[in-house]
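*Asks:*
Residue numbers (our numbering): 569 to 694.
1. On the CB-based measure, 16 or more other CB atoms within 10 Å of its CB, does residue 681 come out buried or exposed?
2. Below 6 angstroms CB to CB, which residues in the same chain sit around residue 666 once its five sequence neighbours on both sides are set aside?
3. From residue 612 to residue 675, what distance separates their C-alpha atoms?
4. Using CA coordinates, which residue listed in 651, 677, 624 and 644 is at the minimum distance from residue 659?
5. Which of the three DSSP states, helix, strand or coil, is assigned to residue 667?
6. Grouping DSSP H, G and I as helix and E and B as strand, with all else coil, what is residue 634?
7. What does the alpha-carbon distance come out to for the pair residue 631 and residue 642?
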C-alpha cells in the first residue's frame with residue numbers, strides 16, 4: 569500500500585513539473601471563464617492563478633489531475649478560516665481531501681498571494 573501511494577505521489581510530482589503545453593492550450597484560461605472581478609483581491613488571485621502552474625493540474629470547470637475550481641468553491645465556504653487553511657495547502661501541499669493524488673507544495677508562493685488565489689477560487693461559487 570505504501571509503495572502504491574509513493575508511486576502515485578512520484579507520478580503527480582513528475583507530471584506537475586513537466587512543461588505540458590498541450591494541456592494548457594486545451595484548457596480555458598482562468599480569465600476567460602470568470603466574470604469580472606468585483607474586488608481587488610479576486611482580481612489579484614485571478615492574475616496569480618493565470619501566471620502560475622496551477623492550470624497544469626486544475627481547470628476552472630472540469631476535473632483534471634486535481635479538482636475543478638468550481639468544485640472547490642462549492643465544497644468550502646468563503647470565510648477567513650477556510651481561506652487561511654486552503655492557502656496553507658497551496659504553500660505546503662496536502663493529500664486526502666480529493667483522492668489519493670497529493671497536492672504539490674508551492675513554497676515559493678507567499679501567504680498573501682496564496683490567500684488571493686484562494687479568494688479568487690472561492691469567488692467562483694455558483
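Don't be surprised by glycine CBs; every beta carbon is placed ideally from N, CA and C. These figures come from a predicted structure and were not determined experimentally.
*Replies:* According to the structure data:
1. Position 113 of the chain shown, counted from the start, is the residue given in the question as residue 681. By the 16-neighbour rule on beta-carbons within 10 angstroms, residue 681 is buried.
2. Locating residue 666 in the chain shown gives position 98, where the first residue counts as 1. Excluding sequence positions up to five before and after residue 666, its CB lies within less than 6 angstroms of the CB of 635, all in the same chain and listed in chain order.
3. Locating residue 612 in the chain shown gives position 44, counting from the first residue. Locating residue 675 in the chain shown gives position 107, counting from the first residue. Straight-line Cα distance between these residues: approximately 19 angstroms.
4. Taking the first residue of the chain shown as 1, we reach residue 659 at position 91. Comparing Cα positions, the closest option is 677.
5. Residue 667 sits at position 99 when you count from the first residue of the chain shown. Coil.
6. For the purposes of this step, residue 634 is taken as the residue at position 66 of the chain shown. DSSP places residue 634 in coil when its eight states are reduced to three.
7. The count along the chain shown starts at 1 and reaches residue 631 at position 63. The count along the chain shown starts at 1 and reaches residue 642 at position 74. If I take the Cα positions, the gap works out to 13 angstroms.
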